[in-house]
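To convert, take the position in the sequence shown, counting from 1, and add 1; that gives the numbering used here. For every residue, glycine included, the Cβ atom is placed at its ideal position computed from N, Cα and C. Quick caveat, the model's predicted, so the values are computed rather than measured.
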Amino acid sequence: MDRPVIGISTSIIIDSGGMFPGYHRSYVNRDYVRSVLAAGAVPIMIPMSADHEAVETALSLCDGLILSGGQDVYPLNYGEEPHRGLGEVCPERDEFDFELYRLAKAKDMPVLGICRGSQIIAAAEGGSVYQDLSEMEGALKHNQGHTPNMPSHHVTVAEGSKLRKIFGEERIAVNSFHHQIIKDAGKDMIVTAKADDGAIEGMEHRNAKFIVAVQWHPEMMHASDDHMLNLFKALVEECK
């Protein structure tokens, strides 16, 4: 059986204890791996690196790409100074993710951006991010702080969008683990899902075959919610 290969962007975690305190490890949360397997594809973790040739070679082994969640996007990357509510940033990872996105887009490779990944796509497309929800008046609670696979608020999905076709419904319940929100999606991105407070929760590229991004964490819900598994299945289907 010929199964598509999905590359997953990774980050660096620094051990705070154990045998090797301060040790750097390449990682991605296991739910990303499980969701790709459940959708019928083969996951490959792409280690964060500044070696552009190595990154390009790794991506050449893949049929699709997931830009995973993680740290805040470095505000200098979209022309802003840091807000007092800015969290942990990793400019090296930003450059890595920007490179992956640029290469995948040039190959017309299907891309799914998740949480931070959606913000990376917005920044790469000339958009910007609210560095903290305190900048957005009337914001809902977007960091639920409890069971990862439990939905905490609803989003409304635009008619005629890829997300609407994937989910089959106008209103879906999602989980929420972020304090940053996309402010400007970028000139070639179409906003296709919003929370009731107006927060941008989903978007897609107006010209690319499949560049889709969501602000929530479908990988954490894929085992208990068919809507979320269908998002990964749609990515895999585009890769065939």
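Notebook entry, point to check: Taking arginine 199 as the reference, which of Ala124, Ala159, His84 has the closest Cα?
Noted result: Strictly speaking, residue 199 in this sequence is glycine, with arginine absent from that position. Here the closest residue by C-alpha is Ala159.
Notebook entry, point to check: Which value, in whole angstroms, describes the spacing of the CA atoms of isoleucine 167 and alanine 235?
Noted result: Just so you know, the alpha carbons of isoleucine 167 and alanine 235 end up roughly 7 Å apart.
Note to self: I need the straight-line Cα distance from leucine 66 to histidine 179, nearest angstrom please.
What the structure shows: If I take the Cα positions, the gap works out to 21 Å.
Next item on the list: Could you tell me how far apart the beta carbons of isoleucine 182 and leucine 141 are, in whole angstroms, since I believe they sit closer than 8 Å?
Entry: With a Cβ gap of about 10 Å, isoleucine 182 and leucine 141 do not count as contacting.
Notebook entry, point to check: Whole alpha helix (DSSP H) runs in the segment 94-163 with 4 or more residues, listed along the chain?
Noted result: Runs found: 117-125.
Notebook entry, point to check: Sorted by chain position, which residues of the same chain lie with C-beta nearer than 6 Å to glycine 41's C-beta, five sequence neighbours on each side aside?
Noted result: Within the same chain, glycine 41 has close Cβ partners Val237.
Checklist line | Range of the contiguous beta strand (DSSP E) that encloses glutamate 202 | finding: In this chain, the beta strand (DSSP E) harbouring glutamate 202 covers 201-206.
Next item on the list: State the Cα-Cα distance for the pair phenylalanine 97 and methionine 49, rounded to the nearest angstrom.
Entry: Approximately 6 Å between the Cα atoms of the pair.
Item checked: Residue range of the alpha helix (DSSP H) that includes methionine 229 -> 227-240 is the span of the alpha helix (DSSP H), which, as asked, contains methionine 229.
Checklist line | Through-space distance from histidine 143 to aspartate 52, alpha-carbon basis | finding: As the crow flies, the alpha-carbon of aspartate 52 is around 35 Å from that of histidine 143.
Margin query: Taking a contact to mean a Cβ-Cβ separation below 9 Å, would you say glycine 86 touches glutamate 136 in this structure?
Written below: Glycine 86 places its beta carbon less than 9 Å from that of glutamate 136.
Note to self: Please return the same chain residues whose Cβ sits closer than 8 Å to the Cβ of arginine 103, not counting the five positions on each side in sequence.
What the structure shows: The answer, listed in chain order, is Ala125.
Note to self: Whole angstroms are fine: how far does the CA of proline 83 sit from the CA of leucine 232?
What the structure shows: Spanning the two alpha carbons is a distance of roughly 33 Å.
Next item on the list: Could you name the residues of the same chain whose beta carbon sits closer than 6 Å to that of glutamate 239, not counting the 5 residues immediately before and after it, in chain order?
Entry: The residues are Pro111, Phe211.
Checklist line | Cβ neighbours of isoleucine 121 in the same chain (closer than 8 Å, five flanking residues each side left out) | finding: Excluding five sequence positions before and after isoleucine 121, the CB atoms of its chain that fall closer than 8 Å to its own CB belong to Leu68, Val74, Asp95, Asp98, Phe99, Tyr102, Gly114, given in chain order.
Notebook entry, point to check: Nearest-angstrom Cα distance between alanine 224 and serine 12?
Noted result: Using only the alpha carbons, I get a separation of about 24 Å.
Note to self: Report the CB separation of glutamate 205 from valine 156 in whole angstroms; it is logged as a contact under 8 Å.
What the structure shows: In fact, because the Cβ distance is near 14 Å, the residues do not count as touching under 8 Å.
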